[in-house]
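Residues 50 to 347 (the working numbering) are what the sequence shown spells out, left to right.
All C-beta atoms, glycine included, are put in the ideal place defined by N, C-alpha and C.
The structure displayed is predicted, hence computed values, not measured ones.
Let me begin by presenting the structure, written as structure tokens, before commenting on it.
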Amino acid sequence: MSTPDRKRLELRAAFDADQPVVTIGVHDAMSASLVERYGFNAVWVSGLGVSTMAHAIPDLNWITMTESLEAAVRIDRATSLPVIADCDNGFGGLSNVMRTVREYERAGISAICVEDNVFPKRNSLYTGASKRELIPVEEQARRIRAGKDAQETEEFTFIARIESFIAGHGLDDACSRAEAYVAAGADAILIHSRDKSLAEIESFLERWPQIASVPLVAVPTLFPTFSAHELYAKGFTVVILANQLMRASVQAMEDTLQTMSESGTASSVDDGIATVDHVFGLVGTQEAIELEDQLSTR
Numbered sequence: 050m051s052t053p054d055r056k057r058l059e060l061r062a063a064f065d066a067d068q069p070v071v072t073i074g075v076h077d078a079m080s081a082s083l084v085e086r087y088g089f090n091a092v093w094v095s096g097l098g099v100s101t102m103a104h105a106i107p108d109l110n111w112i113t114m115t116e117s118l119e120a121a122v123r124i125d126r127a128t129s130l131p132v133i134a135d136c137d138n139g140f141g142g143l144s145n146v147m148r149t150v151r152e153y154e155r156a157g158i159s160a161i162c163v164e165d166n167v168f169p170k171r172n173s174l175y176t177g178a179s180k181r182e183l184i185p186v187e188e189q190a191r192r193i194r195a196g197k198d199a200q201e202t203e204e205f206t207f208i209a210r211i212e213s214f215i216a217g218h219g220l221d222d223a224c225s226r227a228e229a230y231v232a233a234g235a236d237a238i239l240i241h242s243r244d245k246s247l248a249e250i251e252s253f254l255e256r257w258p259q260i261a262s263v264p265l266v267a268v269p270t271l272f273p274t275f276s277a278h279e280l281y282a283k284g285f286t287v288v289i290l291a292n293q294l295m296r297a298s299v300q301a302m303e304d305t306l307q308t309m310s311e312s313g314t315a316s317s318v319d320d321g322i323a324t325v326d327h328v329f330g331l332v333g334t335q336e337a338i339e340l341e342d343q344l345s346t347r
């Protein structure tokens with residue numbers, strides 16, 4: 050069995066397990082490797098993380114499908130965990146969604162997530178944006194159906210992300226979109242909300258059993274006090290902790306730079322940063338040298 054097939058089957062099997070699929074958002078290959086070391090179930094290639102950390106630009110649909118895919122491939126190669134890629138709104142129209150599915154699937158990615166924000170999208174967590182518009186439900190359903198038709202394997206997973214609550218469109222809109230997206234072939238539904246009380250999410254969950262039985266995905270950035278197991282008990286199969294590593298990295302770099310700026314010495318930060326030997330160990334430097342030595346004696 051090929052590695053992509055194994056990862057995709059593992060992700061599908063995890064959907065049916067009796068525990069949450071805890072997925073961590075990453076922005077590069079090293080962060081993906083660390084996620085695996087700490088025993089999580091899957092990796093989320095964060096559009097916010099790739100935009101800000103790899104390119105230092107806003108998460109406003111500025112990165113292209115090619116740039117996003119390149120990041121996802123590097124991350125996928127660094128871990129044996131299934132990789133779920135944030136594909137924003139599919140990078141364009143119906144034909145773009147079809148190409149996105151084909152390219153990510155052929156590249157070995159396990160799953161993609163496509164949202165119903167219009168182009169150019171605004172990050173869902175950004176509160177300063179003007180009134181949001183969503184792609185009409187019928188059009189988004191057509192895009193999902195076309196994307197699913199473009200698949201070459203059954204195991205590749207298409208997650209449809211609903212932004213109804215973020216856009217202020219309410220519960221009925223969220224439910225009608227969920228029903229339409231599942232009917233169009235979506236393998237899972239991600240329902241997003243800024244409501245820290247979880248009231249919006251709870252109202253959706255009350256209606257969900259009448260809509261479908263496909264997995265539900267939560268991104269609890271704005272309701273972080275709920276554990277993965279608590280969200281699983283409420284009805285979520287996948288819990289994505291989407292941007293904590295990115296934010297931790299920024300904080301750590303800023304703290305380190307501030308300390309060195311004030312002290313003028315590198316030693317002032319030694320106690321709070323990883324040793325070079327630790328970094329060598331994380332990427333298997335010694336093993337690579339030993340293999341090279343073995344091969345050179347043949």
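Coil, strand or helix - residue i by DSSP
| i | result |
| --- | --- |
| E128 | Rather than Glu, the amino acid found at residue 128 in this sequence is Thr. Of the three classes helix, strand and coil, the one that applies to T128 here is coil, per DSSP. |
| L290 | strand |
| E182 | coil |
| I338 | helix |
| R148 | helix |
| D198 | helix |
| W93 | strand |
| V266 | strand |
| L109 | coil |
| T314 | coil |
| D135 | strand |
| R86 | helix |
| G321 | helix |
| V299 | helix |
| D304 | helix |
| R123 | helix |
| T115 | helix |
| A190 | helix |
| R171 | coil |
| R243 | coil |
| R155 | helix |
| A261 | coil |
| A216 | coil |
Residue from the options whose Cα sits closest to the Cα of residue i
| i | options | result |
| --- | --- | --- |
| R191 | L143, A81, S82 | L143 |
| M114 | M295, R148, F214 | R148 |
| I289 | G234, I208, E188, K180 | I208 |
| I161 | D77, D137, Q335, D319 | D137 |
| V287 | L265, M295, L340 | L265 |
| R61 | D198, T202, E341 | T202 |
| E249 | A223, T274, A229, G234 | A223 |
| R171 | P107, R55, D77 | P107 |
| I215 | Y230, A195, L183 | L183 |
| S80 | A105, S51, A121 | A121 |
| V167 | Q335, G139, S317, L97 | G139 |
| R55 | I158, L254, E341 | I158 |
| P273 | L254, A297, S246 | S246 |
| V299 | T101, R57, G96 | T101 |
| D65 | F275, Q200, F285, E255 | F285 |
| R256 | Q189, H278, A227 | A227 |
| T270 | E251, Q293, G217 | Q293 |
| S252 | K283, T52, D198, P185 | K283 |
| Q200 | A156, T346, E59 | A156 |
Span of the beta strand (DSSP E) around residue i
| i | result |
| --- | --- |
| V163 | 160-164 |
| T52 | From DSSP, T52 is part of no beta strand (DSSP E) but of the alpha helix (DSSP H) over 52-64. |
| L239 | 237-240 |
| A209 | 206-211 |
Start-to-end residues for the alpha helix (DSSP H) that takes in residue i
| i | result |
| --- | --- |
| L331 | 325-331 |
| A229 | 219-232 |
| V75 | Unbroken run through V75 is the beta strand (DSSP E), 70-75; no alpha helix (DSSP H). |
| Y281 | 277-283 |
| M102 | From DSSP, M102 is part of no alpha helix (DSSP H); its letter is neither H nor E. |
| L250 | As written in the sequence, residue 250 is Ile, which differs from the Leu given in the question. Unbroken alpha helix (DSSP H) run through I250: 248-256. |
Anticipated Cβ contact below 8 Å, residue i with residue j, distance rounded
| i | j | result |
| --- | --- | --- |
| S225 | G219 | 10 Å between Cβ atoms; not a contact. |
| F205 | E154 | 5 Å |
| R123 | V163 | Not really, about 21 Å apart at Cβ, beyond 8 Å. |
| P169 | L109 | 6 Å |
| G141 | I193 | So it is not a contact: roughly 14 Å between Cβ atoms. |
| G74 | M295 | 7 Å |
| V94 | I112 | 11 Å between Cβ atoms; not a contact. |
| D77 | A103 | 7 Å |
| V268 | G196 | Actually they are not in contact, since the Cβ atoms of V268 and G196 sit about 21 Å apart, beyond 8 Å. |
| S317 | T308 | 5 Å |
Any non-hydrogen atom of the ligand MN closer than 8 Å to residue i Cβ
| i | result |
| --- | --- |
| S82 | The ligand MN is not part of this structure, which contains no ligands at all. |
_With three or more C-beta pairs closer than 8 Å as the rule, is the region 321-330 touching the region 83-94?_
no
_With a threshold of 8 Å, are at least 3 pairs of Cβ atoms found where one atom belongs to the region 53-72 and the other to the region 89-97?_
yes
_Does the structure place the region 258-267 close enough to the region 232-241 that three or more beta carbon pairs sit under 8 Å?_
yes
*Counting Cβ pairs, one atom from each stretch, are 3 or more of them under 8 Å apart for the region 179-189 and the region 119-132?*
no
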